[in-house]
Amino acid sequence: MTLTTTSYAILGHLALQPWTMYDLAQQMRSNVHYFFPRAESQVYAEPKRLVALGLASAEKEMTGKRARTVYSITEAGRAELSRWLAEPAAAKGPLLEFEALLRVFLSPLGKDADLAEALLQVRANITDMFDAAERVGGEYLTGSAPFQKHVLTRSMVYDFLVSFAELTDEWAERSAERLAAWPEQSEEARLEDAMRIFRAKADVRKRRRGD
Numbered sequence: 001m002t003l004t005t006t007s008y009a010i011l012g013h014l015a016l017q018p019w020t021m022y023d024l025a026q027q028m029r030s031n032v033h034y035f036f037p038r039a040e041s042q043v044y045a046e047p048k049r050l051v052a053l054g055l056a057s058a059e060k061e062m063t064g065k066r067a068r069t070v071y072s073i074t075e076a077g078r079a080e081l082s083r084w085l086a087e088p089a090a091a092k093g094p095l096l097e098f099e100a101l102l103r104v105f106l107s108p109l110g111k112d113a114d115l116a117e118a119l120l121q122v123r124a125n126i127t128d129m130f131d132a133a134e135r136v137g138g139e140y141l142t143g144s145a146p147f148q149k150h151v152l153t154r155s156m157v158y159d160f161l162v163s164f165a166e167l168t169d170e171w172a173e174r175s176a177e178r179l180a181a182w183p184e185q186s187e188e189a190r191l192e193d194a195m196r197i198f199r200a201k202a203d204v205r206k207r208r209r210g211d
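First residue of the sequence shown: 1, per the UniProt record's numbering; consecutive thereafter.
Spelled out as structure tokens, the structure:
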């Protein structure tokens, strides 16, 4: 069986500590949902595959009268995870799956009111990310985060996710303001506004170099 990126995400969580299937799914949702979302069906299926490959183990435990299965990483699993972490990352840029952006892309086929609603929903969804950022940030600042010892690298992920949330919120606000101005603008003014965006962003390499 071939290992996938999901396999390594699960191995990484098992390397933190043993988990039941339910707790593992909760950890995946809490820790990596915003940048590596996976369907629960994938999360629930993967530990069994890892056990079959000898990369994880499964033990039955009794909780009262109920049995539960606890999954742990094996030494072979740790070795495989270490090997993967030492490999160069896949030679491709980050991919973004963002339904609202697809709706904006296809909005000329619909109504302006639909586009306005999509942008409004983006800002509502980003509020959830801001709430999560405040909660997680508070945990690390008070030393109460579940894996406080990983604060150095978790701060890098936190920096990216909060920056992404702020960028997305600002983009949705700008786009909504542009859309609201359309009824009062001529077609020529709308086109000039669009071209202004392309002129401002097209020389991204020069701007990044500070030329």
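Ideal Cβ positions, reconstructed from N, Cα and C, are used throughout, including at glycine.
Within the continuous beta strand (DSSP E) that includes Ser155, where are the two ends? First-last for Ser155: Val151 to Ala181, but that is the alpha helix (DSSP H), not the beta strand (DSSP E).
Along the chain, where does the alpha helix (DSSP H) that runs through Glu139 open and close? Asp112 to Leu141
Buried versus exposed, by CB contacts within 10 Å (16 or more), Ile10: With 16 or more other Cβ atoms within 10 Å, it is buried.
Under 8 angstroms between C-beta atoms of Val70 and Thr6: no
Just to check my reading of the structure: Arg103 and Ala172 have Cβ atoms closer than 8 angstroms, yes? What is that Cβ distance to the nearest angstrom? Not really, about 12 angstroms apart at Cβ, beyond 8 angstroms.
What's the call for Ile126, buried or exposed, on a 16-neighbour Cβ count within 10 Å? buried
Following the continuous alpha helix (DSSP H) through Lys60, name the residue where it begins and the one where it ends. Careful: Lys60 lies outside any alpha helix (DSSP H), inside the beta strand (DSSP E) at Ala56 to Thr63.
Thinking just about the alpha-carbon of each residue, which of Tyr34, Glu46 and Ala39 is nearest to the one in residue 212? Shown here, the chain extends from 1 to 211; a query on residue 212 therefore has no answer.
Can you pull the DSSP bridge partners for Arg68? Glu61
According to DSSP, residues forming a beta bridge with Thr20: Val70
Does the count of Cβ pairs from the stretch 61-79 and the stretch 15-35 closer than 8 angstroms reach three? Because the criterion of three Cβ pairs below 8 angstroms is met, the stretch 61-79 and the stretch 15-35 touch.
Roughly how many angstroms separate the alpha carbons of Leu55 and Ala165, rounded to a whole number? 35 angstroms
Which first and last residues belong to the alpha helix (DSSP H) in which Tyr44 is found? Glu40 to Ala52
In whole angstroms, what separates the C-alpha of Asp112 from that of Thr63? 56 angstroms
Where do the ends of the alpha helix (DSSP H) carrying Leu81 lie? Glu75 to Ala86
Compare the beta carbon distance of Leu81 and Ala15 with 8 angstroms and say whether it is the shorter of the two. yes
How long is the line joining the alpha carbons of Asp193 and Gly138, rounded to whole angstroms? Cα to Cα, the separation comes out at about 41 angstroms.
Residues near Ser155 in its chain [Cβ-Cβ closer than 8 angstroms; skip 5 each side]: Tyr140
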